[in-house]
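Engineer: Numbered per the numbering used here, the sequence shown spans residues 162 to 290. Glycine included, every Cβ here is placed at the ideal spot set by N, Cα and C. Dropping a structure here in structure tokens format, bear with me for questions.
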Amino acid sequence: MSLVIQEHARARLITDGPDPRLVPVELRYDAEEPGTVHVRLPGGVDWAFGLDLLERGLRSPATRGDVRIWPCGRAQLVVELHSPDGVAVLQFDIGPMVRFLARTRPKTVKRPAPTAPASTPPSAPATRA
């Protein structure tokens, strides 16, 4: 059994209409597919792309194949998905994405810092007789 991480989020589906539509989205990471994130949209549509693409897209525009990701200000992230049927543009709050990515990173064991040897008082200078 592998580690599976899921995060439920809401995204704004950007359309030609005057108002974006909020849609539920599931972010999914499976340790058996390291380096891949799945984004499940309403209707069961599932997009898979590199976890590194999502991480880079948080900082600057990033593209791989049919997926484009870029930050939109300090609090938003845009994910653009291209298919033969058209283009879907989703705008996410950045918080759920950052939480999701943090949960996918391997946990490192924190070791206690080595303790310094007990200090000894400086010895008195040697005197000559």
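1. Hey, would you say Asp-207 sits closer than 9 Å to Val-165, going by beta carbons?
2. Pick helix, strand or coil for Val-259, following the three-state DSSP scheme.
3. Our contact map puts Leu-212 next to Gly-196 with C-beta atoms below 8 Å; I'd like the distance itself, whole angstroms only.
4. Measuring CA to CA, which of Phe-261, Thr-265, Glu-194 and Leu-188 is closest to Arg-201?
5. What does the alpha-carbon distance come out to for the pair Gly-226 and Arg-264?
6. I need the boundaries of the alpha helix (DSSP H) containing Gly-234, first residue and last residue.
7. Just to confirm my understanding: we take Glu-194, look at its own chain, exclude 5 residues before and 5 after, and list those with CB closer than 6 Å. What are they?
8. When you compare only the Cα positions, how much space is there between Ala-223 and Phe-210?
9. Let me make sure I understand the geometry here. Which of His-243, Arg-266 and Ala-236 has the alpha-carbon closest to that of Gly-256?
10. Go ahead and pull the three-state DSSP assignment for Glu-241.
11. Within 10 angstroms of its Cβ, does Leu-238 collect 16 or more other Cβ (buried), or is it exposed?
12. Keeping to the same chain, check which residues put their C-beta closer than 8 Å to that of Arg-182; ignore five residues upstream and five downstream.
Structural biologist: Once the coordinates are examined:
1. Locating residue 207 in the sequence shown gives position 46, where the first residue counts as 1. Locating residue 165 in the sequence shown gives position 4, where the first residue counts as 1. Not closer than 9 Å, so no.
2. Walking along the sequence shown from the start, residue 259 turns up at place 98. Helix, per DSSP.
3. Counting from 1 along the sequence shown, the entry for residue 212 is found at position 51. Counting from 1 along the sequence shown, the entry for residue 196 is found at position 35. Going by Cβ atoms, the distance from Leu-212 to Gly-196 rounds to 5 Å, so yes, they are a contact pair.
4. Working through the sequence shown from its first residue, we reach residue 201 at position 40. Among Phe-261, Thr-265, Glu-194 and Leu-188, the Cα nearest to that of Arg-201 belongs to Leu-188.
5. Walking along the sequence shown from the start, residue 226 turns up at place 65. Walking along the sequence shown from the start, residue 264 turns up at place 103. Going by the C-alpha atoms only, they are around 25 Å apart.
6. If you number the sequence shown from 1, residue 234 lands on position 73. From DSSP, Gly-234 is part of no alpha helix (DSSP H); its letter is neither H nor E.
7. Taking the sequence shown and counting its residues from 1, one reaches residue 194 at position 33. Excluding residues within five positions, none has a Cβ falling inside 6 Å.
8. The count along the sequence shown starts at 1 and reaches residue 223 at position 62. The count along the sequence shown starts at 1 and reaches residue 210 at position 49. Within the model, the alpha-carbon separation for Ala-223 versus Phe-210 is close to 12 Å.
9. Start at 1 with the first residue of the sequence shown, and residue 256 comes out as number 95. Checking every option, the nearest Cα to that of Gly-256 belongs to Ala-236.
10. Sequence index remark: in the sequence shown, residue 241 carries index 80 (1-based). Reduced to three states, the DSSP call for Glu-241 is strand.
11. What you label residue 238 is simply residue 77 of the sequence shown in a count that begins at 1. Leu-238 should be labelled buried.
12. Position 21 of the sequence shown, counting from 1, holds the residue named residue 182. So the list reads Arg-173, Leu-174 and Thr-176, once near-sequence residues are dropped.
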